[in-house]
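So in the working numbering, spot 203 of the sequence shown is number 203, and the numbers just go up one at a time.
Backbone N, C-alpha and C define an ideal beta-carbon position, used for all residues, glycine too.
First the structure, in the form of structure tokens, and then the observations on it.
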Amino acid sequence: MKKIVSIIVFLAVTMASAQKNIYENRKFDELTEEHEVLAIMPFIAYLELKEVVDRDELKVLAEREGYAVQNALETYFSKRKQRKKFNVDFQNINNTNALLAQNGIDYDNIDIHTTQELCKILDVDGIISGNLNLNILLSEGVPTDFNLLDYFSGDANYGRIGVKISDGESGKLLWKYENEISKKTGKNTTELIDKMMKAASRKFPYDKEKKRKNKD
């Protein structure tokens with residue numbers, strides 16, 4: 001019985017935390033009325049690793065983490081899209097990255113371009129992007145052993161992730177979700193994104209069911 005109660009409390013706290021960390025533009029429906037396709041961008045990663053790593057290697061590792069999140073998000077959206085959960089499509093990330101490269105845009109300079117510029121190049125209605133702050137290499141996996149003391153000492157906290165959606169025409173922020181990264185959020189990038197987005201799914205703005213409820 002105690003175990004069941006603990007699970008219920010944990011789920012309630014998780015849902016409350018997810019909703020608290022979500023922002024949605026009040027004019028979302030108006031700004032996205034004609035949205036059909038979104039592009040998922042490589043995330044900008046900032047690493048503060050405990051191991052001593054030179055600047056060049058740190059740059060390579062950060063880029064790898066940023067592309068790992070891009071790939072994990074595509075996997076998540078593709079699975080749910082197959083179940084017809086969304087009212088928009090998502091551009092294949094291989095096409096996204098190829099188009100960026102053809103226009104001289106890479107991981108090092110992607111953040112100096114505006115949303116409008118990127119959407120025009122990619123021929124999409126909006127972009128999904130974000131930031132990643134890590135003190136571990138999430139793509140390589142995190143320790144799976146559980147120790148309650150880790151949560152008090154801070155050793156279970158691996159960083160923070162922020163996911164946002166921006167409108168291609170106006171450049172305005174449409175939706176944003178931030179979440180801490182810890183042992184509870186997943187053992188690797190794919191699991192983290194899957195759990196995180198599921199926690200925010202009831203608030204995901206392009207969800208067909210959410211749209212239907214708003215109209216009712």
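Asked	Found
Secondary structure of F204, DSSP reduced to three states	coil
Proximity of I112 and L132 at Cβ, strictly below 7 angstroms	no
Counted within 10 angstroms of its Cβ, other Cβ atoms place S264 as buried (16 or more) or exposed	An answer regarding residue 264 cannot be provided, because it is not within the stretch 1 to 216 covered by the chain.
Top-ranked residue by Cα proximity to N71, from Q102, P42, T115 and K184	P42
Nearest residue (CA-CA) to L176, options M196, N188, E191 and E169	According to the sequence displayed, residue 176 carries Lys and not Leu. Closest option to K176, Cα to Cα, is M196.
The segment 116-130 contacting the segment 166-176, beta-carbon criterion three pairs below 8 angstroms	yes
Proximity winner among G141, T75, N94 and L118, relative to K198 (alpha-carbon distances)	T75
Pair within 7 angstroms by beta-carbon distance, Y206 and V88	yes
Distance, S78 Cα to F90 Cα	8 angstroms
Beta-bridge pairing of D167 - partner residues as DSSP gives them	G126
CA-to-CA distance, L137 to T32, given in whole angstroms	35 angstroms
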